[in-house]
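There are 2 protein chains.
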Amino acid sequence: MRARPVQQESLRSRILDRISDFAASTPARFAVIVFASLIGIFTILFSLPVATTSGERAPFVDALFTAVSVICVTGLSTVDMATYWSPLGHVFVFVGVEIGGIGVLTVASILGLVISRRLGLRQKLLAAGDANPLRIRKGPVSESQAVRLGETRSLLATVAISVLVIEAVVAALLFPRMLLEGVPPLDAAWQSVYIAAMSFTNTGFLPTSEGLIPYGSDWWFLIVLMLSVAFGAIGFPVIYVLRKTWRHPLRWSLHVKLTLVTFGLLTLGGAIAYFILEFDNPATMAGLGADQRILQSFFISQMARSGGFATLDMGSLDGSSLLVTDMLMFIGGGSASTAGGIKVTTLAILFLAAFAEARGVDDMEAYRRRIPQDVLRLAVSVVLWGATTVAVATVAILLITDDVPIDYILFDVISAFATCGLSTGFTAATSDGAQYVLAATMFLGRIGTVTLAAALAASTRRQLFRRPEERPIVG
Amino acid sequence: MRARPVQQESLRSRILDRISDFAASTPARFAVIVFASLIGIFTILFSLPVATTSGERAPFVDALFTAVSVICVTGLSTVDMATYWSPLGHVFVFVGVEIGGIGVLTVASILGLVISRRLGLRQKLLAAGDANPLRIRKGPVSESQAVRLGETRSLLATVAISVLVIEAVVAALLFPRMLLEGVPPLDAAWQSVYIAAMSFTNTGFLPTSEGLIPYGSDWWFLIVLMLSVAFGAIGFPVIYVLRKTWRHPLRWSLHVKLTLVTFGLLTLGGAIAYFILEFDNPATMAGLGADQRILQSFFISQMARSGGFATLDMGSLDGSSLLVTDMLMFIGGGSASTAGGIKVTTLAILFLAAFAEARGVDDMEAYRRRIPQDVLRLAVSVVLWGATTVAVATVAILLITDDVPIDYILFDVISAFATCGLSTGFTAATSDGAQYVLAATMFLGRIGTVTLAAALAASTRRQLFRRPEERPIVG
Ligand SMILES: [K+]
Ligand SMILES: [K+]
C-alpha cells in the first residue's frame with residue numbers, strides 16, 4: 001500500500017524531470033516544438049464544423065491562420081472574427097490567446113531562468129575548467145534538477161496569478177462602462193472578460209462586429225485598454241520586479257529601468273508623430289478637438305507597439321504615419337512579454353552602443369552600470385533576424401501579389417512579424433498563398449525571436465586559442 | 476638672394492602644416508567644411524548664366540541640387556542634365572565629379588591614415604600613461620608632422636595616378652565602340668572621357684539625352700561600364716593593395732578579402748533576384764532572351780550598388796525589385812570609395828557578429844583573423860546613422876508631398892542617401908521643398924557617413940574607472 005503512491009510520485013516526477021531536462025538542454029527546440037504542437041491542435045479545433053456560425057467546416061487556410069494568430073497573440077485575421085466563429089469558436093479563441101500569451105511569457109521566463117543559471121554555472125565552472133555544465137550531470141535526480149523544477153513551478157504560479165489579477169481588474173473596470181452604454185449585463189460580463197484577455201495578452205480581437213466604435217472617443221474605455229496593453233507589453237520580468245519594489249525605484253534592475261524609459265519615450269514620441277502627421281488628414285483627425293487628438297495619438301502610438309486595437313482606419317492614415325507605425329511595430333514591447341517585435345531593450349542597446357562610440361569610451365553604460373559587449377552582439381543578431389524575416393516575407397508576397405501598394409503589404413508583414421495585428425485591410429483581402437506567408441511570418445516573429453535570443457544567449461563554446469587581431473575599415 | 480626662397484618655402488610649409496594640423500586634430504569637421512565650401516563654389520558656378528544652354532540664370536534650387544549631386548557624385552538631377560547645361564556647364568560637372576570623387580576618396584584615405592596612426596600612437600602611448608598624444612606635441616615642426624605631410628602627399632599622388640590610369644583605360648575601351656555606332660570622332664572622344672569619369676566616380680550622369688539607349692543591350696559597352704563602376708566602388712584601400720599584391724591573394728589584408736567577397740556575393744545575389752523577380756515583367760525583361768536577361772540582371776545589380784546608370788526604367792520595375800534595389804543601394808560599395816551607402820564591410824561585420832553569436836564563440840572571426848569588438852560598435856553606429864537619416868528624410872518628404880506612392884519616395888531617398896542616383900522619376904518631378912530635403916540627404920549620406928565613421932573611430936576618451944556590470948534581457 002505504501003509502495004504505489006511513492007512509485008507514482010516517482011513516475012510523475014521522472015516525466016517532469018525528463019521534460020525539464022529536455023527544455024534545459026535544448027530550450028529553443030523545446031519552445032518551437034511546444035508552440036508548433038499548440039498551433040496544430042488549434043488548427044484542428046478551428047476546423048470543427050461546430051466552431052463556425054454557419055456550421056460548415058472552415059477552409060484549412062482560415063483555420064490555420066486563426067490558430068497561428070491566436071497562439072501567437074497577433075490579432076490579424078482572414079475572416080470576420082466576431083461573426084464567423086460560433087460561441088464555441090470564441091471559447092477556443094479565448095483559451096488560445098491565454099495559452100499563447102501566458103505560454104510565451106512563461107516559456108520566455110523559463111528560458112531566461114535556464115539560461116541565467118547556465119550562464120551563472122558556466123561562469124563558476126569555467127574557472128574550474130569546464131565548458132558545458134549541463135551535459136556532465138550524473139545520477140537520476142541530482143539536486144540541481146530539483147531546484148530547477150521548483151523554480152519553474154513558482155515562476156509559473158507567479159505568472160498565472162499576475163495574469164488573473166490584472167485581467168480581473170481590467171474586466172471590472174470595463175464592465176460598468178459597458179452597462180452605461182446599454183449592453184445587457186450578461187453580454188457586458190463576457191465581453192469585458194474577453195476584452196480584458198485580448199488587451200493584456202496584446203492580441204487585439206474584439207467580441208462584436210462593431211468593434212471599438214461605441215467607445216472610439218471614450219477616455220475611460222481607451223485609457224483602461226492602453227494600461228492593460230501596457231502591462232502585458234512591458235514584460236513579466238518587469239512586472240515581477242515592480243510588484244516587489246515599486247516603492248523603491250533605486251533598487252530596480254537595469255533591465256527594468258531600460259525597459260520603462262525606452263517604452264515611455266517610444267509611446268510619447270509616437271504620439272507626437274501621429275499628432276503632427278495626421279493633423280490635416282480629413283479621414284482621421286482633422287475634424288477632432290485638441291483633447292481627442294491627444295487621446296487618439298497616444299492610443300495609436302500604444303497600440304502600434306503590439307496592442308493591435310484600432311479606433312481609426314489604418315488604410316486611411318497618411319503614408320508618413322504608416323511608415324512611423326512600421327517602425328513602432330517593428331520595435332514592439334518589452335522582453336518576455338505578450339508583445340512582439342525586436343523589443344525595446346534591443347533598440348536601447350543599439351543606441352547605447354552608438355552613444356558610447358560617439359563619446360569615445362570603451363564601455364556601454366546606463367544607469368551607472370556597465371553592459372557587457374556580448375549583449376550588443378545578441379541585439380544585432382535579433383535585429384538582423386527581424387529585418388531578414390520581414391524582407392524575405394515582403395518580397396515573397398510581392399512576387400505572388402499584383403496591384404497592391406507596397407506600403408500596405410509592408411505594413412501587414414511587419415504587423416505579422418511583430419504580432420501587432422493592425423492591418424490596412426490587405427491580410428483579409430489577399431490570396432491564400434500570401435496568407436500562408438503571413439502565418440509563417442507570425443510564427444517566425446513570435447516564436448523565432450523569443451527562442452532565437454534564448455538559443456543564442458545559451459550557446460557557448462570553448463575557444464581553445466585566439467586568432468591574431470586585424471581591423472577592417474568600416475563605414 | 477638665398478634668404479627669400481627659404482622663407483617662402485617655410486611660409487608655404489607652415490600653411491600646409493597648419494591645414495594638416497587642423498585636419499589631424501578635428502578630421503571630421505575639416506572634411507565637412509571642405510565639402511560644404513566645394514558645394515558653395517559649385518552652386519555659384521552653376522548659377523552663372525553662361526552655364527545654361529538658355530543663357531538664363533538657373534533657379535537656385537536647381538543650381539544647389541546639381542552642385543550637391545555633382546560633389547557628392549550622386550547622379551540625381553532636377554533638370555535634364557544633357558540639355559540643360561551649356562558646354563561650359565558640362566565642364567563644371569566633369570571637374571566637379573572628379574573633385575568630388577577623388578576628394579572623398581582622398582579625404583577618407585587621409586582620415587583613415589590619421590586615425591590609424593592616432594590609434595597606433597595611442598596604443599603605444601597609453602602604455603606610457605598618456606591619453607591624447609596629438610595634443611601634447613611641442614615645437615613648431617615636430618618629426619611626426621613632417622611624416623604626416625609626406626604620407627599625405629604620397630597618398631594623394633597614388634590616388635590621382637590610379638584615377639587617371641583607370642579612367643584613361645575605360646575611355647580607350649569605350650571610344651572605338653562609339654565610333655562603330657557612328658558617333659563623330661570628336662564627339663566620341665569627349666563622350667568616352669566623360670562617361671569614363673562618370674562611371675569610375677560612380678556618378679552616373681550621361682552626356683546625351685538618349686543616354687544608354689544606343690548601347691542598352693551591348694555586352695562590350697555595359698561590361699566596361701560595370702568594371703569601371705566596380706573599380707571605383709571597391710574603394711581606394713583595396714585598389715592600393717591589389718595593385719601591389721594582386722598575384723598573392725594570401726597576402727591580402729582582411730579588409731581586402733572581406734570587401735571583395737561581400738561585394739561579389741551582393742552583386743551575384745542581386746543579379747539572381749532581378750532575374751527571378753523581373754522574369755514575367757513585360758515592361759522590363761519578359762521579352763528578352765536568356766543571355767540578355769543575365770546581362771541586364773547583373774547590370775542593375777551592379778548599378779544599384781552606387782553606379783547609378785540604368786538601361787531599364789526604374790519606375791517600371793516590379794515592387795519587389797524596387798525593395799531589393801532599396802536594400803542594395805543602402806548597402807552600397809566599399810569603404811573609402813567613390814560609392815556610397817553604409818559600405819559592404821559594415822554589413823559583413825554585422826553578419827560576422829551574428830555568426831559568432833550563433834556559434835557561441837566569443838570572438839568575431841574571418842579569414843583566420845579576430846576582429847576587435849569595437850569594430851562592431853562602429854558598424855552599428857553607421858547603420859543607425861543611415862537608417863535614421865533615411866527615415867527622417869522620408870517622413871519629411873511624405874509630409875510635404877501628396878499622391879506619390881511611398882515606395883517611389885523611399886527609393887529616391889535611399890538613392891540620395893547612398894549617392895546611387897537611380898530614380899523612379901520622383902526627384903525631377905517633385906516640389907522645391909522635397910528637392911532641398913533630398914539635397915540634404917545626399918550631403919548627410921556622402922559626407923556624413925565618411926566623416927562619422929572617421930570621427931567615431933578617432934575619438935577616444937580615458938576611462939578612469941569601470942562601472943559594475945549588469946546584463947539586461949534582449950530580444
Ligand atoms: K497583437
Ligand atoms: K551615383
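Going line by line, the protein sequences match chains A and B.
Per this note's numbering: the first sequence = residues 1 to 475.
Per this note's numbering: the second sequence = residues 476 to 950.
Virtual Cβ for every residue (Gly too), placed ideally from N, Cα, C.
Less than 8 Å between CB atoms is the rule here; does residue i satisfy it with respect to chain A?
| i | result |
| --- | --- |
| residue 777 of chain B | no |
| residue 724 of chain B | no |
| residue 741 of chain B | no |
| residue 604 of chain B | In this predicted model, residue 604 of chain B has a pLDDT of only 27, less than 50, meaning its place in the structure is not dependable enough to derive any value. |
| residue 880 of chain B | yes |
| residue 848 of chain B | yes |
| residue 565 of chain B | no |
| residue 866 of chain B | yes |
| residue 651 of chain B | no |
| residue 509 of chain B | no |
Of all the CB atoms in chain B, is at least one closer than 8 Å to the CB of residue i?
| i | result |
| --- | --- |
| residue 343 of chain A | yes |
| residue 139 of chain A | Here the model assigns residue 139 of chain A a pLDDT of 29, short of 50, so the residue's position is not dependable and the matter cannot be decided. |
| residue 158 of chain A | no |
| residue 320 of chain A | yes |
| residue 351 of chain A | yes |
| residue 165 of chain A | no |
| residue 346 of chain A | yes |
| residue 424 of chain A | no |
| residue 52 of chain A | no |
| residue 226 of chain A | no |
| residue 429 of chain A | no |
| residue 365 of chain A | yes |
| residue 58 of chain A | no |
| residue 473 of chain A | yes |
| residue 446 of chain A | no |
| residue 377 of chain A | yes |
| residue 415 of chain A | no |
Helix, strand or coil for residue i, going by three-state DSSP, please let me know.
| i | result |
| --- | --- |
| residue 714 of chain B | helix |
| residue 844 of chain B | strand |
| residue 786 of chain B | coil |
| residue 694 of chain B | helix |
| residue 560 of chain B | strand |
| residue 52 of chain A | strand |
| residue 642 of chain B | helix |
| residue 839 of chain B | strand |
| residue 944 of chain B | strand |
| residue 534 of chain B | coil |
| residue 338 of chain A | coil |
| residue 949 of chain B | coil |
| residue 246 of chain A | coil |
| residue 758 of chain B | coil |
| residue 432 of chain A | helix |
| residue 855 of chain B | helix |
| residue 792 of chain B | coil |
| residue 917 of chain B | helix |
| residue 869 of chain B | helix |
| residue 874 of chain B | helix |
Would you check whether ligand 3 has a heavy atom nearer than 7 Å to the C-beta of residue i?
| i | result |
| --- | --- |
| residue 710 of chain B | As for ligand 3, it is missing from this structure, which binds only ligand 1 and ligand 2. |
Could you please give the first and the last residue of the uninterrupted alpha helix (DSSP H) stretch that includes residue i?
| i | result |
| --- | --- |
| residue 772 of chain B | 765-777 |
| residue 257 of chain A | 254-277 |
| residue 407 of chain A | 406-417 |
Measuring only between beta-carbons, confirm whether residue i sits less than 8 Å from chain D.
| i | result |
| --- | --- |
| residue 162 of chain A | Judged by its chain identifiers, the structure shown contains no chain D, and its protein chains are A and B. |
Practice item. Select from the region 181-201 of chain A all residues with a C-beta closer than 7 Å to any C-beta belonging to chain B, and list them in chain order. Key: Those would be none; no residue qualifies.
Exercise for review: Could you tell me which uninterrupted beta strand (DSSP E) segments, each at least 3 residues in length, are contained entirely in the region 176-236 of chain A, listed from first to last along the chain?
Suggested key: Taking only runs of at least 3 residues, no beta strand (DSSP E) segment lies wholly in the region 176-236 of chain A.
Review point. If contact means a Cβ-Cβ distance below 7 Å, which residues of the region 749-770 of chain B contact chain A?
Key: Within the region 749-770 of chain B, the qualifying residues are 752.
Review point. Going along the chain, which residues of the region 313-337 of chain A sit with their C-beta nearer than 8 Å to a C-beta in chain B?
Key: Residues passing the 8 Å Cβ filter: 318, 319, 320, 322, 323, 324, 327, 335, 336.
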